[in-house]
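Residues in the sequence shown are numbered consecutively from 0, following numbering that gives the first Met the number 0.
All residues carry an ideal CB built from backbone N, CA and C; glycine is no exception.
Note that the structure is predicted; figures quoted are calculated from it, not measured.
Below you'll find the structure, written out as structure tokens, and then a few comments.
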Amino acid sequence: MENNTELIAALENRLSEWNTSLCETEELFSQLASNLPQVFWIWNIRDNAFHYINPAWEKMTGRSVARGDKLEKFFEAVHPDDVQRVIHEADKLPHGGLDHDYRLLLSDNTVRWVHSRTFPVKDSTGVYQIVGIMDDITHRKDAERRLQQLAHYDALTSLPNRTLFYESLRKIIKQAETTQRIISVLFLDIDNFKNINDTFGHALGDELLRQFSLRLLECLRIRDMIARLGGDEFGCILITPDGSSDAGVVASKIREALRRPFALQGHQVHVTASIGISVYPTDSLDADTLVKNGDTAMYRSKKAGRDTYRFFTSEMNAWAIKRLDQENALRKALDRNEFVLHYQPKMELSRGRITGVEALIRWNRPGQGFVPPLEFISILEQTGLINRVGAWVIDSACRQIAEWRNSGIGEIPISVNVSGRQFSHSTLNRDVIRATQENGVDPEMLEFELQTERALRENSIDFDLLELELTESSLMTHAKKTIGILRRLKALGIRISIDDFGTGYSSLAYLKRFPIDVLKIDRSFIRDITTNPADAAITTAIIGMAHSLDVKVVAEGVETVEQFNFLRLQGCDEIQGYYLARPLPAIEISRLLLGGSKLLKPAQSLIS
Ligand code: C2E
Ligand code: MG
Ligand code: MG
0 MENNTELIAA
10 LENRLSEWNT
20 SLCETEELFS
30 QLASNLPQVF
40 WIWNIRDNAF
50 HYINPAWEKM
60 TGRSVARGDK
70 LEKFFEAVHP
80 DDVQRVIHEA
90 DKLPHGGLDH
100 DYRLLLSDNT
110 VRWVHSRTFP
120 VKDSTGVYQI
130 VGIMDDITHR
140 KDAERRLQQL
150 AHYDALTSLP
160 NRTLFYESLR
170 KIIKQAETTQ
180 RIISVLFLDI
190 DNFKNINDTF
200 GHALGDELLR
210 QFSLRLLECL
220 RIRDMIARLG
230 GDEFGCILIT
240 PDGSSDAGVV
250 ASKIREALRR
260 PFALQGHQVH
270 VTASIGISVY
280 PTDSLDADTL
290 VKNGDTAMYR
300 SKKAGRDTYR
310 FFTSEMNAWA
320 IKRLDQENAL
330 RKALDRNEFV
340 LHYQPKMELS
350 RGRITGVEAL
360 IRWNRPGQGF
370 VPPLEFISIL
380 EQTGLINRVG
390 AWVIDSACRQ
400 IAEWRNSGIG
410 EIPISVNVSG
420 RQFSHSTLNR
430 DVIRATQENG
440 VDPEMLEFEL
450 QTERALRENS
460 IDFDLLELEL
470 TESSLMTHAK
480 KTIGILRRLK
490 ALGIRISIDD
500 FGTGYSSLAY
510 LKRFPIDVLK
520 IDRSFIRDIT
530 TNPADAAITT
540 AIIGMAHSLD
550 VKVVAEGVET
560 VEQFNFLRLQ
570 GCDEIQGYYL
580 ARPLPAIEIS
590 RLLLGGSKLL
600 KPAQSLIS
């Protein structure tokens, strides 16, 4: 009995010691854990709840997770872009420890990078708890990013550097092995850069390189890559599914973009570049040789007199040189007054009178006679020259309207063809663009709108005497944006017509959304209108539909009396075509307008 009492007392003593030591251990744990700068937590697998999480968590994230909270509460703090990855990686946990980095989104929406180390705790039945410790490694990540930036980007221009250029080119070539894409490498070198450095000093030389790189960026598509290879050398990688001619187009665009002078501390500096182009897979299959060939081609450009581009391969060069010839001649054409407008009259069918003329551009190329627009409009568009030439067309048309009015011939409306590019390309400088954006004005429109408005006002012309013809496809290209632009033009009073209607893919219903005054049925439908029932039916349907939308219809390319009669019967409003007159120089149109009866004889005889 005594023994028993002693035993119990001893046991009680022991138990109390244990309790004290357990309490001490818990106390010790709690003090340690709550003073840890790292986040420390214990999560119970069995009830999917936190057993413990130290105060460092709330301190770091500004969010609270308490004992008993579910795991979802914790994931609220994981950056949405990292959640899936973290969950996926956590799947491995029961098999061993896990080390990984991810981002947290703090309560104030700032982002921190953390390194998390987690490991499973087992008893005889298996894993029942997960313990984790988490460090804030944002500073380390920032430093890594800066190092990465330094290693891969050029400090002056922020463009990718030579290392990243080669790395990317190798990767792109690897992909192209399966996708059959064509890759072009453009090797660019600024002409006479040394002179600029010598004249203006290195600080302004650097400034020029910065501005130059921005100019290059304007000429490239989002999927292209541009890098500073060193000094005044730049490299571009272009990926095209459709052959190498694209690289020539980009090179032309770059040349055109460089026509605008650079502003260096009040000095206007003109800069040109020599460009060499090599193409994968034609010129080489590996990155180093491609760049080397591009460099060789660039030297040929320098030898050819700079401010030009050359392909590495001779066949491509033949094509490029012919095009360059044309391009160079077109650049000079505007300054040398080689463009002229011819005018083709339109006639109202119900009254047999001339309602206006369409201005059609011709290039009076020395030694080659009148070059038709279809041979050069696309080059103007691709090089961006269309903006200047387009402005000239509008200006000339407005002057012609004023001339006819002032000479007593009358107020003759002129319609002018406008390329979609004139709407979507702006040569305004960045400050103006920023200023207009701040005022809610579409900057790309501004230049075209200003030019047009100026031309009309300078000649004191009623705005409704000018009509802009846009093809169906250029209307559809950026339909949403174009609608806005057209509304603004129309609000000014300018008339809008759809050219070559029927050749594009627009649905008739869609047209309702465009503020159109006139629809011109494409010549291809009119040609067989009297022999092909399908064309006749389409034309009749277009006329009916246009009238229901209160839009006037003009038939293009009317050449015969049969076509004329058919259209008149169908209620077409106006016609244009050789039947009436070919496009003619202004002086001959003036004669026609004065002695209109001669021109209108066949039409009038039909009407009367
Ligand atoms: P478009 O605007 O559809 O102009 C009508 C074209 O049809 C003109 O060709 C005209 O000469 C031709 N044509 C007129 N009546 C007849 C006919 O009865 N039979 C035949 N076979 N043809 C006829 P052109 O002058 O060669 O112009 C071709 C295209 O070039 C124009 O088509 C227009 O899209 C574009 N274009 C002309 N001038 C300019 C311009 O100043 N700026 C822009 N962006 N494009 C222009
Ligand atoms: Mg037209
Ligand atoms: Mg047309």
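Proximity below 9 angstroms, CB of residue i to CB of residue j
{"i": "L491", "j": "E452", "result": "yes"}
{"i": "I541", "j": "L518", "result": "yes"}
{"i": "R62", "j": "Y51", "result": "no"}
{"i": "Y308", "j": "R254", "result": "yes"}
{"i": "A396", "j": "A332", "result": "no"}
{"i": "D107", "j": "V38", "result": "no"}
{"i": "F310", "j": "A246", "result": "yes"}
{"i": "F192", "j": "G204", "result": "yes"}
{"i": "T529", "j": "E561", "result": "yes"}
{"i": "Q264", "j": "F199", "result": "yes"}
{"i": "L548", "j": "I515", "result": "yes"}
For residue i, the three-state DSSP class (helix, strand or coil)
{"i": "V270", "result": "coil"}
{"i": "V85", "result": "helix"}
{"i": "L94", "result": "Position check: residue 94 holds His in this sequence, whereas Leu was assumed. H94: helix per DSSP, three-state reduction."}
{"i": "N43", "result": "strand"}
{"i": "Q450", "result": "helix"}
{"i": "E468", "result": "strand"}
{"i": "F310", "result": "strand"}
{"i": "G247", "result": "helix"}
{"i": "L163", "result": "helix"}
{"i": "N416", "result": "strand"}
{"i": "T4", "result": "helix"}
{"i": "R361", "result": "strand"}
{"i": "I393", "result": "helix"}
{"i": "I520", "result": "strand"}
{"i": "Q343", "result": "strand"}
{"i": "A303", "result": "coil"}
{"i": "A55", "result": "helix"}
{"i": "P36", "result": "coil"}
{"i": "A319", "result": "helix"}
{"i": "I385", "result": "helix"}
{"i": "P584", "result": "strand"}
{"i": "Y152", "result": "strand"}
{"i": "S277", "result": "strand"}
{"i": "G200", "result": "coil"}
Per-residue burial, residue i [other beta carbons within 10 Å of its own, 16 or more giving buried]
{"i": "N53", "result": "buried"}
{"i": "E206", "result": "buried"}
{"i": "T60", "result": "buried"}
{"i": "Q367", "result": "exposed"}
{"i": "V74", "result": "Residue identity differs from the one stated: residue 74 is Phe in this sequence, not Val. Exposed is the call here."}
{"i": "A150", "result": "exposed"}
{"i": "D190", "result": "buried"}
{"i": "I276", "result": "buried"}
{"i": "R227", "result": "buried"}
{"i": "A545", "result": "buried"}
{"i": "Q399", "result": "buried"}
{"i": "W17", "result": "exposed"}
{"i": "T239", "result": "buried"}
{"i": "N3", "result": "exposed"}
{"i": "V552", "result": "buried"}
Cβ separation of residue i and residue j, assumed to be a contact under 8 angstroms, to the nearest whole Å
{"i": "N47", "j": "K69", "result": "6 angstroms"}
{"i": "N416", "j": "D498", "result": "7 angstroms"}
{"i": "W362", "j": "V370", "result": "4 angstroms"}
{"i": "M224", "j": "S167", "result": "6 angstroms"}
{"i": "W56", "j": "W40", "result": "7 angstroms"}
{"i": "K301", "j": "S273", "result": "5 angstroms"}
{"i": "F500", "j": "I484", "result": "Their Cβ separation, rounded to whole angstroms, is 19 angstroms, which puts F500 and I484 out of contact at 8 angstroms."}
{"i": "E573", "j": "K345", "result": "5 angstroms"}
{"i": "I608", "j": "Q450", "result": "Shown here, the chain extends from 0 to 607; a query on residue 608 therefore has no answer."}
First through last residue of the beta strand (DSSP E) which encompasses residue i
{"i": "E232", "result": "232-239"}
{"i": "S349", "result": "Element bounds for S349: n/a, residue is neither H nor E."}
{"i": "E573", "result": "573-575"}
{"i": "G131", "result": "125-135"}
{"i": "P119", "result": "110-122"}
{"i": "D498", "result": "494-500"}
Endpoints, the alpha helix (DSSP H) within which residue i is located
{"i": "T378", "result": "The sequence shown places Ile at residue 378, not Thr. Residues 376-382."}
{"i": "F513", "result": "Run containing F513: none; DSSP gives neither H nor E here."}
{"i": "V560", "result": "560-568"}
{"i": "K480", "result": "478-491"}
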